Amino acid sequence: MPLKKSFQRNIEDIQSIDVLPIILNVIRETTQMGFIAVARVTQEKWLTCSALDNVNFGLKPGDELVVETTICHEIRQANKLVVIDHVETDSFYRNHPTPLQYGFQSYISVPIILKNGDFFGTLCAIDPKPNKLNNDKVIGMFTLYADLISFHLQAIENLRAIRQRVRQQDVRLEAFEFISSHDLQEPLRKIQTFSTIIREREANNLHPNVATYFKGIEREANKMRKILKDLLDYSETEEFVDRFKTTHLEKIVQRAITRIQQDLNACGGTISLTSMEEVNAIPIQLEQLFYGLLANSIAYRCPNRPLTISIACTSGKGGAFNVEGLNYQTTYCMVTVKDNGIGFQQKYAERIFGMFKRLNADNNDKSTGIGLAITKRIVENHRGRIFAYGEPDKGATFKIYLPQA
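When we follow this note's numbering, the leftmost residue of the sequence shown carries the number 6, and every step to the right adds one.
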């Protein structure tokens, strides 16, 4: 009967530990024990994962013993090592069925405990002859090697988790590449184009309500294109260490202002900018960060007053800012972006950074609900923090902490 996939993976994990053959040989040379093994032990199964057999005990990786017939079964229950120098003279084990069944006189088995506290199995050794095992030297060696095996298993599991995340990332990037591809963008373009053609060419023949519907189709198609673009921007917001370089924030902010100047002029808004500092950053991502914050201010401006946005900068040690998540000794640049827009209730300060989160339903046409998620991801890529503060009808303030080195 084939092994379950999880048990087969246990064997493969143990077999992949390059240092394990050396460990088994060192134990053999040090103790002269004839059979040494790493076993996976569960409530239902005793499974050989790796073995060094010089006494023809007959077990190889993948072979099993009935778990109830093993002392390892008892070790799993008690979570304690067992050492027997000589079965015949041991007051407890001389009448134990396991030594008789498997024909050994000396035995040692040490638990392998994973870093999360789970019992993996044992590092064990048996021999048909008595042996002096119950001493600090041998027990210390077995305990050390069992812990080393546990360390390697944890490293293997960590690597597996990283690979899984990479695979998920690849799938996600492929999905976003599809989103941005001709296959998905082109139908939207055609919807917009054909709607415009029909509305303009048949203007005299269309009922006014129908013309309004076509305008709605064009508006929604354009909104969908914006969402797809923002999703693509979000997917591309990755950390690339080789792209970090010393960057002056003023140049970055000015580029973001230039990109959004037309929208700013249209709403009569103004921006005041104090002197900026240098940070170690990915310039294109920081430009997107400030563009997103400025676009958010424009989208959520107050209709009863001209929009004003101020951008200020200061620097200091993380410990001086008294902000959770900052390294105490690292020097940060704190950038404050403040507007006089419609603001928000402070209880929503975390929510606004979520994907497709909008606090004001009236602004659905102005915002895709992705922009602030992008800004947060960019800040996290730079090992920084971003916080939002708001008050209804007073405005919003964003504080960004970026490491300067």
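Cβ atoms here follow ideal geometry from the backbone N, Cα and C, with glycine treated the same way.
Model, not experiment: these values are computed from the prediction.
### Query
Curious, which full-length alpha helix (DSSP H) runs of at least 4 residues does the stretch 308–360 contain?
Complete alpha helix (DSSP H) runs here, min 4: 323–326.
### Message
Can you tell me whether Ser96 is helix, strand or coil according to DSSP?
### Response
Coil.
### Task
Would you decide whether Glu292 is buried or exposed? Buried here means 16 or more other CB atoms lie within 10 Å of its CB.
When all chains shown are included, Glu292 counts as buried.
### Task
Within 10 angstroms of the Cβ of Arg14, are there 16 or more other Cβ atoms? Answer buried if so, exposed if not.
So Arg14 counts as exposed.
### Distance, Glu73 Cα to Gln82 Cα
Annotation: Gln82 to Glu73 spans about 11 angstroms, alpha carbon to alpha carbon.
### Query
Does the pairing of the stretch 103–119 with the stretch 14–26 give three or more beta-carbon distances under 8 angstroms?
In the pairwise beta carbon analysis, the stretch 103–119 is classified as not touching the stretch 14–26: fewer than three pairs are separated by under 8 angstroms.
### Query
Just the Cα atoms here: how many angstroms apart are Thr263 and Thr201?
Computed Cα separation, rounded: 30 angstroms.
### Task
Could you tell me how far apart the beta carbons of Ile380 and Asn345 are, in whole angstroms, since I believe they sit closer than 8 angstroms?
Note that residue 380 corresponds to Thr in the displayed sequence, not to Ile. Incorrect: roughly 19 angstroms between the Cβ atoms, too far for contact.
### Query
So, Gly376 versus Asn301, is the Cβ gap smaller than 7 angstroms?
The Cβ atoms of Gly376 and Asn301 lie closer than 7 angstroms to each other.
### Task
Report yes if the CB atom of Arg359 is closer than 7 angstroms to the CB atom of Gly395, and no otherwise.
One point to set straight first is that residue 359 is Gly, not Arg, in the sequence displayed. No, these two residues do not count as a Cβ contact at 7 angstroms.
### Message
When you compare the CB positions of Val342 and Ile316, do they come within less than 7 angstroms of one another, or not?
### Response
Cβ atoms of Val342 and Ile316: closer than 7 angstroms.
### Query
Helix, strand or coil: which one does DSSP assign to Thr47?
Note: Thr47 maps to coil in three-state DSSP.
### Query
Hey, would you say Ile287 sits closer than 7 angstroms to Arg248, going by beta carbons?
Yes.
### Task
Return helix, strand or coil for Glu396, following the three-state DSSP convention.
Note: Glu396 maps to strand in three-state DSSP.
### Query
Helix, strand or coil: how does DSSP classify Gln13 here?
Of the three classes helix, strand and coil, the one that applies to Gln13 here is helix, per DSSP.
### Message
Along the chain, where does the alpha helix (DSSP H) containing Ala286 start, and where does it finish?
### Response
Boundaries around Ala286 are those of the beta strand (DSSP E), Glu283 to Ala286, since no alpha helix (DSSP H) includes it.
### Minimum C-alpha distance to Asp268 - residue among Lys65, Leu278, Phe199 and Ile303
Among Lys65, Leu278, Phe199 and Ile303, the Cα nearest to that of Asp268 belongs to Ile303.
### Message
For Asp123 and Pro397, what's the separation of their Cα atoms in angstroms?
### Response
Asp123 and Pro397: Cα-Cα distance of roughly 51 angstroms.
### Query
Under three-state DSSP, which class holds Ser111?
In this structure, Ser111 counts as strand in the three-state DSSP scheme.
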